[in-house]
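Sequential numbering of the sequence shown, starting at 0, is according to numbering that gives the first Met the number 0.
The beta carbon of each residue, even a glycine, is placed where N, CA and C say it ideally should be.
The structure presented is a predicted model; accordingly, all values stated were derived computationally and were not measured.
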Amino acid sequence: MKGYTVGADVGGTHVRLALLTPEGELRRVVKYRREEVMPDGDPFRFGDVLRQYAEDCAVPVAAAGTGIPGTLSRDCRTVLNVPNIPALNGLELADGLSRRAGFPVKLENDTVMLLGGDLHRLSLPRRGLILGVYVGTGLGSAVFYDARPLRGANSLNELGHFPIPGSRVKCTCGNVGCAENLVSGRRLQALRAEKWPETHIAELFPAMAGSPELAEFVDTAACLLAGCVNLLDPEVLVVGGGVPAMRGFPREALEAAVREKCMHPRPADSLRLVWSQGADDTGALGAAWLARES
Ligand SMILES: [Zn+2]
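As structure tokens, this is what we get:
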């Protein structure tokens, strides 16, 4: 499918839409309040919004992709669990949106869409295995093989819920001691509140560089990344999200620690780590790109 496609990135608060041209350029990025376009009382109304957006673009739209911040059925048609938008839980969203949009609407997990956007934007290899890890409010991950999402039995890829020995923090998933509670924006907020209430969150890394707490944060992140690299041996490891984009985030120290913890000489020496550019429209780009490729 090489026509025009629309990409949607659905978050708890906002939804971004964008148009991908056959030449691979992203156009007409718009941001809505989620409640306006996908209200809890009638989430399928988003299909009307997609149809109207396509009409406004005045080009023939072949399909749309929509990134959902939660768990989908293996065939990606039914929403299983979206903690930030529980009104979506149990809905056959793909079919309902497609009917109202008038063109096929594909669903995917939002982290998969992010990595899809990075694959396209960073011109990453279309062959082999690509691993993406995104540290934002939480900790998300995705894997592509030959430019398609790699799917397990439940289509899950949840590095954020890797259990950490000794940690007793209750996780949003209901378990105790998940990695997301140690490596995430939420963890940084908790550290700030507990240790450095006078410091603005945006200044945390420059102001507290060298503190044992931030050193442990980076070390735990490196352990998780190196573990994934040893397990999957990716062609490329993409690291992104709001946390590595923060001012003063020790990217070089993290990369050095990942290499140190990887097996030697490979993949430690051969690892290609690239940083996501972290643009706001990456998820919408990935959604449109995956709709085009599928
Ligand atoms: Zn968890």
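- Comparing alpha carbon positions, the residue from THR171, ARG125, ARG32, LEU128 closest to GLY11 is ARG32.
- Buried is the label assigned to HIS119, since at least 16 other Cβ atoms lie within 10 Å of its Cβ.
- With contacts defined by Cβ atoms closer than 8 Å, THR4 and VAL48 do not form a contacting pair.
- Taking a cut-off of 8 Å for Cβ pairs, the region 104-124 and the region 229-238 touch, as three or more such pairs fall below it.
- About 19 Å separates the Cβ atoms of MET37 and ARG27, ruling out a contact at the 8 Å cut-off.
- The Cβ-Cβ distance between GLY137 and GLY285 does not fall below 8 Å.
- Judged by the Cβ position, ASN156 fails to qualify as a neighbour of ligand 1 at the 7 Å threshold, every heavy atom of the ligand being at least this far.
- CA-CA distance, THR70 to ARG250, rounds to 30 Å.
- In the three-state scheme derived from DSSP, where H, G and I count as helix and E and B as strand, VAL14 is classed as strand.
- Residue state for LEU71 is assigned as strand, using DSSP reduced to three classes.
- THR20 and LYS169 have their C-alpha atoms spaced approximately 44 Å apart.
- Unbroken beta strand (DSSP E) runs of no fewer than 3 residues, entirely contained in the region 190-254, are found at 235-239, following chain order.
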